[in-house]
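Number of protein chains: 2
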Amino acid sequence: DVAVEELVRVPVVRMSVGEVAQSSIVVVLPVCKAEGKGVEVEAAPWECGMVGDFGVVEAEKGWTRWVVLPGWEPVAVLKRGGVAVAFKRAGDALQWRGRRRDAEEQILVVADRGRTEVALDDAFYLVVSGGNGRGEEGLRVEKGLKLKESGVVESLGTVVLIVRPPTEDYEDQLGTQDWD
Amino acid sequence: DVAVEELVRVPVVRMSVGEVAQSSIVVVLPVCKAEGKGVEVEAAPWECGMVGDFGVVEAEKGWTRWVVLPGWEPVAVLKRGGVAVAFKRAGDALQWRGRRRDAEEQILVVADRGRTEVALDDAFYLVVSGGNGRGEEGLRVEKGLKLKESGVVESLGTVVLIVRPPTEDYEDQLGTQDWD
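Chains as they are written, first to last, in the numbering used here: chain A, 26 to 205; chain B, 26 to 205.
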């Protein structure tokens, strides 16, 4: 069994169908792939604020992939440096405790690139991983404590939110969060 | 007075506060400035489809400025080539019949770059204008008939929607459309 301190200290939300909608504000973030060495994460634009009456997003550099998220608090407060990393398989991002189906889902990991220091044992950080269990290099989410034990003091960013895709399964909407 | 055939044949919508919200789908479009020769309009990415469970926008090239709009029908049906041109002053985009205040508003003109031919008398087209009344070069919206009379057969795109900014003035929400 997993001890209490092993529980995730980062909000995990299940997006509802059409939810981008049900918030009075939305947030637009650049999207990066989870495959590779994290170069994309560092290259993605930092300044993606919305300006003017229409909320036009103005980034300081061009980018091809973007996502619109409801203005969930942990994301909405990011002034700059926010990024969404798209994992094709949740199980590649982090150890998944629960149904196998959950590990097979796509997820988006939203990280704050302004906070790269591995500061807290209980926080989660975006790091480059040598292997995801299938020997492929890519990004991964690791707990602060584990990184510290390995002597890692710097990450690509602190994870502020993990977004699971919409589902039609009502049970899933309840938002089980017991994974690490 | 304006004759019937002078009326606008393009939907004009007043965005509501928080409306990006109230639709179950949203559309993300690249934004261009209205100032200049239209180079930006041609340079903006054409393919901005949403893919995957999270509706990630994948453009074929990087772009810095984007806008999220509710999935209004004329915009939602654009498969590719949609662009939003930001006018700082509605009166610079087109002749404005109505209150002076309306002409001073910002507007977004959404055009379909896939339909550049000046085909219909009653349709509106995005074109480069030598002057906006203040001698500055920039984009402008012109009626098909007027363009044809001037021998113009090609535009930057057909206007599919004009978006006015949110207002707290209830009268405005009713959507007066009597301008040309």
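Every residue, glycine too, gets a C-beta built ideally from N, C-alpha and C. Keep in mind that this is a model prediction, so the values were computed, not measured.
Only counting the same chain, and skipping five residues up and downstream in sequence, which positions put a Cβ closer than 6 angstroms to that of residue i?
i                : result
Val178 (chain B) : Val143
Leu170 (chain A) : Asp146
Glu67 (chain B)  : none
Asn157 (chain B) : Here Asn157 (chain B) scores only 47 on pLDDT, less than 50, and its place in the model is too uncertain to base an answer on.
Gly80 (chain A)  : none
Excluding the 5 residues flanking residue i on each side, which residues of the same chain have their C-beta closer than 7 angstroms to its C-beta?
i                : result
Gly141 (chain A) : Note on identity: in this sequence residue 141 (chain A) is Thr, with Gly being the wrong assignment. Within the same chain, Thr141 (chain A) has close Cβ partners Glu179, Ser180, Leu181 and Gly182.
Asp137 (chain A) : Leu103, Gly106, Gly107, Gly182, Thr183 and Val185
Ala101 (chain A) : Ile50 and Val52
Val56 (chain B)  : Arg90, Trp91, Val92, Ala109 and Ala111
Gly139 (chain A) : Arg105 and Gly106
Gly63 (chain A)  : Val153, Leu164 and Leu181
Val29 (chain B)  : Bear in mind that a pLDDT of 36 at Val29 (chain B), under 50, signals an unreliable position, so the model cannot answer this.
Excluding sequence positions up to five away, which residues of its chain have a Cβ less than 8 angstroms from the Cβ of residue i?
i                : result
Gly61 (chain B)  : Glu162, Gly163 and Leu164
Lys173 (chain B) : Val143 and Asp146
Lys58 (chain A)  : Glu65, Val110 and Ala111
Lys86 (chain B)  : Pro70
Glu129 (chain B) : Arg114, Ala115 and Gly116
Less than 9 angstroms separating the beta-carbons of residue i and residue j?
i                : j                : result
Val82 (chain B)  : Trp91 (chain B)  : yes
Ile132 (chain A) : Ala148 (chain A) : no
Val152 (chain B) : Val135 (chain B) : no
Asp78 (chain A)  : Pro99 (chain B)  : no
Trp97 (chain B)  : Trp88 (chain A)  : no
Leu94 (chain B)  : Cys73 (chain B)  : no
Can you have a look at residue i and say buried or exposed, based on whether 16 or more other CB atoms are within 10 angstroms of its CB?
i                : result
Val76 (chain A)  : exposed
Val27 (chain A)  : Confidence is the limiting factor: at Val27 (chain A) the pLDDT is only 33, short of 50, which leaves the residue's position unreliable, though a coordinate-based value still follows. By the neighbour-count rule (16 or more Cβ atoms within 10 Å), Val27 (chain A) is not buried but exposed.
Lys168 (chain B) : buried
Arg124 (chain B) : exposed
Gly176 (chain B) : exposed
Ala84 (chain B)  : buried
For residue i, which residues does DSSP report across the bridge?
i                : result
Leu164 (chain A) : A:Val153
Leu94 (chain A)  : A:Val52
Ala109 (chain B) : B:Val56 and B:Val135
Leu186 (chain A) : A:Val135
Glu179 (chain B) : B:Glu142
In chain order, which beta strand (DSSP E) runs of at least 3 residues are fully inside the stretch 61-89 of chain A? 73-76
Going along the chain, which unbroken runs of the alpha helix (DSSP H) with 4 or more residues stay wholly within the stretch 118-147 of chain A? 125-129
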